[in-house]
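Participant: Sending over a structure as structure tokens; questions will come in a sec.
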Amino acid sequence: MWHSACGLFCGMIINLIAIWMLSMGAPKGDAQTSVVGLDSLQIGVLNYDELKPLLQYDNDTTYVVNFWATWCVPCVKELPHFLTLEKIYRDRPFRVLFVSLDFKKDYVRKLQPFVDEYKMNGRVVVLEDNRADYWINDVSTDWSGSLPATLVYKGQKRAFYERTFHHVEELQDIVKPFLNL
Amino acid sequence: MKTLLGNLILALVTVTLVSWVPPVEAYKVGDQASDFKLKNIDGSMVSLADYKNVNGYIVIFTCNTCPYAVMYEDRIIDLHNKYAPQGYPVVAINPNDPDVKAGDDFASMQARAKEKNFPFKYLFDDGQKIYPMYGATRTPHVYLLDANRYVRYIGAIDDNAQNPSEVKVKYLENAIEALKAGNNPQPSETKAIGCTIKTKA
Chain A
1 MWHSACGLFC
11 GMIINLIAIW
21 MLSMGAPKGD
31 AQTSVVGLDS
41 LQIGVLNYDE
51 LKPLLQYDND
61 TTYVVNFWAT
71 WCVPCVKELP
81 HFLTLEKIYR
91 DRPFRVLFVS
101 LDFKKDYVRK
111 LQPFVDEYKM
121 NGRVVVLEDN
131 RADYWINDVS
141 TDWSGSLPAT
151 LVYKGQKRAF
161 YERTFHHVEE
171 LQDIVKPFLN
181 L
Chain B
1001 MKTLLGNLIL
1011 ALVTVTLVSW
1021 VPPVEAYKVG
1031 DQASDFKLKN
1041 IDGSMVSLAD
1051 YKNVNGYIVI
1061 FTCNTCPYAV
1071 MYEDRIIDLH
1081 NKYAPQGYPV
1091 VAINPNDPDV
1101 KAGDDFASMQ
1111 ARAKEKNFPF
1121 KYLFDDGQKI
1131 YPMYGATRTP
1141 HVYLLDANRY
1151 VRYIGAIDDN
1161 AQNPSEVKVK
1171 YLENAIEALK
1181 AGNNPQPSET
1191 KAIGCTIKTK
1201 A
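Just so you know, the sequences run in chain order A and B.
Heads up: the first sequence at position 62 corresponds to 62 in the working numbering, and the numbers run straight through without jumps.
Heads up: the second sequence at position 81 corresponds to 1081 in the working numbering, and the numbers run straight through without jumps.
What follows is the structure in structure tokens.
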């Protein structure tokens, strides 16, 4: 009980600290530049080097990382299933992270209102990095680059899906083995 | 007993072999691509074989609705205007199922082509038979073929969808220049973010 509670809590804290450190602590590079001037944006804008640590925490928490964008219709359609998944496994060492690939012009205009409306604050970062040919392969060599795409991992165990999920049950099926359910 | 076991194993192996259907393999660089016959926005049926005296084909799976495809529209027009006279015409194919994606139907394709004055053929993959053969997964997704339809480059147009003025590497143009010089494109495959090809689930 303590273990699973810590898994969730610690995972959450680590994640928040990491996002905070990454978004605040990088004075150079694209990420920081793009935050400047976008004062109303409460979402961390990261380049891939800054995002990568969030894709490889080595602990007992299962992470589901959903790559999406507000312009991507199937992404927006499947997104509520991920929010339901969070609720289903709220007492487990389990975290969902949403990595937005929205366009820079839409961060404030579209992304932030969407994140507010869906109450996704604290679990969303923007990936802004033109080296797509590099980081798509680094996330998974199975990824051709289409959205949505979803990574599930715990420690060294990883699974990657370049597909849309139509029911929360489909998501549970891929997550259960990671949670030993 | 031994024979029975042997037969059983043989039967199992047979069942396994028979039931194993090879998955549809996406084209890789070096494969010869199939020709096709698809309806162009002017109503005519178009095959690659219809193009005369070409040195290759810039086959681009793209569509009306994907924001990435839209961001590349002007660049695709420029590519055709620059390279069709050099023997490398753009052949655009919309792979989306219009029942799933409103705005990617044939009439909308015609309207968009007229609006943007597309100088290239814009074909409709009616029934979605061609894009799976090529292995396209997103829009836009480029297949650069040589005159004999061998795939020489697969992937992105360049490295910056959002801002043409900040493009650092023009992957596709570099690949065409390599072909013109008799070389193999390097890189021969690149990846980029794009929209899924819309199909019925």
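Glycine residues also receive a C-beta, built at the ideal position from the N, C-alpha and C atoms.
Under the assumption that P80 of chain A contacts T1196 of chain B (Cβ atoms under 8 Å), give the Cβ distance between them as a whole number of angstroms.
Facilitator: Taking the first residue of the first sequence as 1, we reach residue 80 of chain A at position 80. Taking the first residue of the second sequence as 1, we reach residue 1196 of chain B at position 196. Not quite, the Cβ-Cβ distance comes to about 18 Å (not below 8 Å), so this is no contact.
Participant: Skipping 5 residues on each side, what residues in its chain have a beta carbon closer than 8 Å to that of G25 of chain A?
Facilitator: Numbered from its first residue, the first sequence carries residue 25 of chain A at position 25. Only weak support exists for where G25 of chain A lies, its pLDDT of 33 falling under 50; the value from the coordinates is given anyway. Nothing listed; no residue qualifies.
Participant: Which residues bound the beta strand (DSSP E) around N1183 of chain B?
Facilitator: Position 183 of the second sequence, counted from the start, is the residue given in the question as residue 1183 of chain B. N1183 of chain B -> no beta strand (DSSP E), and no H or E assigned at all.
Participant: According to DSSP, F1210 of chain B sits in a beta bridge with which residue or residues?
Facilitator: Past the edges of chain B, shown from 1001 to 1201, lies residue 1210 of chain B, and the structure says nothing about it.
Participant: Out of B:N1184, B:E1115, B:Y1153, B:N1183, which one is the CA nearest neighbour of I1060 of chain B?
Facilitator: For the purposes of this step, residue 1060 of chain B is taken as residue 60 along the second sequence, with counting starting at 1. If you compare the alpha carbons of B:N1184, B:E1115, B:Y1153, B:N1183 with that of I1060 of chain B, the shortest gap goes to B:Y1153.
Participant: List the residues of chain A that A1156 of chain B touches, going by C-beta distances under 9 Å, in chain order.
Facilitator: For the purposes of this step, residue 1156 of chain B is identified with residue 156 of the second sequence, where counting begins at 1. Those are A132, D133, G145, listed as they occur along chain A.
Participant: If you count every other CB in all the chains shown that lies within 10 Å of the CB of L181 of chain A, and 16 or more means buried, which is it?
Facilitator: Against the first sequence, residue 181 of chain A aligns to sequence position 181. Classification of L181 of chain A: exposed, given that the 10 Å Cβ count is below 16.
Participant: Does the distance from the CB of A1134 of chain B to the CB of Y1051 of chain B come in under 8 Å?
Facilitator: Counting from one through the second sequence, the residue named residue 1134 of chain B turns up at place 134. Counting from one through the second sequence, the residue named residue 1051 of chain B turns up at place 51. A small fix is needed here, since residue 1134 of chain B is Tyr in this sequence, not Ala. Taking 8 Å as the Cβ cut-off, Y1134 of chain B and Y1051 of chain B do not qualify as a contacting pair.
Participant: Does the beta carbon of P1022 of chain B come closer than 8 Å to any beta carbon on chain A?
Facilitator: As a first step, residue 1022 of chain B is located in the second sequence; it is residue number 22 there, counting from the start. With a pLDDT of 47 at P1022 of chain B, under the threshold of 50, the modelled position of this residue cannot be trusted; read the value that follows with caution. Cβ-Cβ to chain A under 8 Å: no for P1022 of chain B.
Participant: Measure the alpha-carbon distance for L46 of chain A versus N1094 of chain B and round it to whole angstroms.
Facilitator: In the first sequence, residue 46 of chain A corresponds to position 46, counting from 1. In the second sequence, residue 1094 of chain B corresponds to position 94, counting from 1. Just so you know, the alpha carbons of L46 of chain A and N1094 of chain B end up roughly 33 Å apart.
Participant: Flag N59 of chain A as yes if its beta-carbon sits less than 8 Å from any beta-carbon of chain B, otherwise no.
Facilitator: Reading the first sequence from its first residue, position 59 is the one you call residue 59 of chain A. At a cut-off of 8 Å between beta-carbon atoms, N59 of chain A makes no contact with chain B.
Participant: Is the distance from the Cβ of M1045 of chain B to the Cβ of A1161 of chain B below 8 Å?
Facilitator: Here residue 1045 of chain B refers to the residue found at position 45 when the second sequence is read from its first residue. Here residue 1161 of chain B refers to the residue found at position 161 when the second sequence is read from its first residue. No, they are not a contact pair.
Participant: Which chain B residues are close to I136 of chain A, counting only those with a beta carbon under 8 Å from its beta carbon?
Facilitator: Along the first sequence, read from residue 1 onward, the residue named residue 136 of chain A stands at position 136. By Cβ distance, chain B contributes K1191, A1192, I1193.
Participant: Can you check whether the CB of L54 of chain A is closer than 8 Å to the CB of L97 of chain A?
Facilitator: Counting from one through the first sequence, the residue named residue 97 of chain A turns up at place 97. Counting from one through the first sequence, the residue named residue 54 of chain A turns up at place 54. Yes, Cβ-Cβ distance for L97 of chain A and L54 of chain A is below 8 Å.
Participant: Give me the chain B residues within the contact set of P74 of chain A, using Cβ-Cβ distance strictly less than 9 Å, ordered along the chain.
Facilitator: Position 74 of the first sequence, counting from 1, holds the residue named residue 74 of chain A. Correct list: C1195, T1196, K1198.
Participant: If the cut is a Cβ gap below 9 Å, which residues of chain A does Q1162 of chain B touch?
Facilitator: Against the second sequence, residue 1162 of chain B aligns to sequence position 162. Correct list: F103, K104, K105, N130.
Participant: Hey, would you say Q172 of chain A sits closer than 8 Å to Q112 of chain A, going by beta carbons?
Facilitator: Translated into positions along the first sequence, residue 172 of chain A becomes position 172. Translated into positions along the first sequence, residue 112 of chain A becomes position 112. No; because the gap between Cβ atoms is not below 8 Å, this pair is not in contact.
Participant: I believe P1140 of chain B touches Y1068 of chain B by the beta-carbon criterion, under 8 Å. Please report the beta-carbon distance rounded to the nearest angstrom.
Facilitator: Taking the first residue of the second sequence as 1, we reach residue 1140 of chain B at position 140. Taking the first residue of the second sequence as 1, we reach residue 1068 of chain B at position 68. Contact flag correct, Cβ pair sits at about 6 Å.
Participant: Is the region 146-165 of chain A in contact with the region 53-67 of chain A, if contact means three or more CB pairs nearer than 8 Å?
Facilitator: yes
Participant: Can you confirm whether W71 of chain A, when its beta carbon is compared against all beta carbons of chain B, has any partner nearer than 8 Å?
Facilitator: If you number the first sequence from 1, residue 71 of chain A lands on position 71. It does: the Cβ of W71 of chain A has a partner Cβ on chain B nearer than 8 Å.
Participant: Using a beta-carbon distance below 8 Å, is P1140 of chain B in contact with chain A?
Facilitator: By one-based count along the second sequence, residue 1140 of chain B stands at place 140. No, because no Cβ of chain A sits closer than 8 Å to the Cβ of P1140 of chain B.
Participant: Do you know offhand how far T61 of chain A's Cα is from A132 of chain A's?
Facilitator: Counting from 1 along the first sequence, the entry for residue 61 of chain A is found at position 61. Counting from 1 along the first sequence, the entry for residue 132 of chain A is found at position 132. Taking the straight line joining both Cα atoms gives about 27 Å.
Participant: Going by Cα to Cα distance, which pick from B:R1112, B:A1175, B:E1166, B:L1123 is closest to G1043 of chain B?
Facilitator: Counting from 1 along the second sequence, the entry for residue 1043 of chain B is found at position 43. Taking only the C-alpha atoms, the option nearest G1043 of chain B is B:L1123.
Participant: Please tell me whether K1200 of chain B and V1100 of chain B are closer than 8 Å, where the distance is taken between their beta carbons.
Facilitator: As a working mapping, residue 1200 of chain B is identified with position 200 in the second sequence. As a working mapping, residue 1100 of chain B is identified with position 100 in the second sequence. Going by C-beta atoms, K1200 of chain B is nearer than 8 Å to V1100 of chain B.
Participant: When the Cα of A1156 of chain B is compared with those of B:A1178, B:G1030, B:A1136, which residue comes out closest?
Facilitator: What you label residue 1156 of chain B is simply residue 156 of the second sequence in a count that begins at 1. For the residues B:A1178, B:G1030, B:A1136, the minimum Cα distance to A1156 of chain B belongs to B:A1136.
Participant: Of all Cβ atoms in chain B, is any one closer than 8 Å to the Cβ of H167 of chain A?
Facilitator: Sequence index remark: in the first sequence, residue 167 of chain A carries index 167 (1-based). H167 of chain A does not count as touching chain B.
Participant: Use the C-beta contact count for E1166 of chain B: other C-beta atoms within 10 angstroms, 16 or more gives buried, fewer gives exposed.
Facilitator: In the second sequence, the residue the question calls residue 1166 of chain B occupies position 166. Burial call: exposed.
Participant: Beta-carbon of M24 of chain A versus every beta-carbon of chain B: anything under 8 Å?
Facilitator: Residue 24 of chain A sits at position 24 when you count from the first residue of the first sequence. Residue placement at M24 of chain A cannot be trusted, given a pLDDT of 38 that sits under 50; the coordinates are not used to answer.
Participant: Which term fits R123 of chain A, buried or exposed, when burial requires 16 or more other beta carbons within 10 angstroms of its beta carbon?
Facilitator: Against the first sequence, residue 123 of chain A aligns to sequence position 123. Flag for R123 of chain A reads buried.
Participant: By the 10 Å Cβ neighbour count, where 16 or more other Cβ atoms means buried, how is R90 of chain A classified, buried or exposed?
Facilitator: To locate residue 90 of chain A, count along the first sequence from 1; it is residue 90. When all chains shown are included, R90 of chain A counts as exposed.
Participant: Check for me: the beta strand (DSSP E) holding R109 of chain A runs from which residue to which?
Facilitator: Counting from 1 along the first sequence, the entry for residue 109 of chain A is found at position 109. That residue, R109 of chain A, is in no beta strand (DSSP E); it is neither H nor E in DSSP.
Participant: Do you know whose CA, among B:L1144, B:F1118, B:F1106, lies nearest S1034 of chain B's CA?
Facilitator: Along the second sequence, one-based indexing puts residue 1034 of chain B at 34. It is B:L1144 whose Cα lies nearest to the Cα of S1034 of chain B.
Participant: Hey, would you say D138 of chain A sits closer than 8 Å to F160 of chain A, going by beta carbons?
Facilitator: Along the first sequence, one-based indexing puts residue 138 of chain A at 138. Along the first sequence, one-based indexing puts residue 160 of chain A at 160. No, these two residues do not count as a Cβ contact at 8 Å.
Participant: Return the CA-CA distance between A1102 of chain B and N59 of chain A, expressed in angstroms with no decimal places.
Facilitator: Here residue 1102 of chain B refers to the residue found at position 102 when the second sequence is read from its first residue. Here residue 59 of chain A refers to the residue found at position 59 when the first sequence is read from its first residue. Cα-Cα distance, rounded: 44 Å.
Participant: Buried or exposed: L78 of chain A, going by 16 or more other Cβ atoms within 10 Å of its Cβ?
Facilitator: By 1-based counting over the first sequence, the position of residue 78 of chain A is 78. Position check: residue 78 of chain A holds Glu in this sequence, whereas Leu was assumed. E78 of chain A comes out buried.
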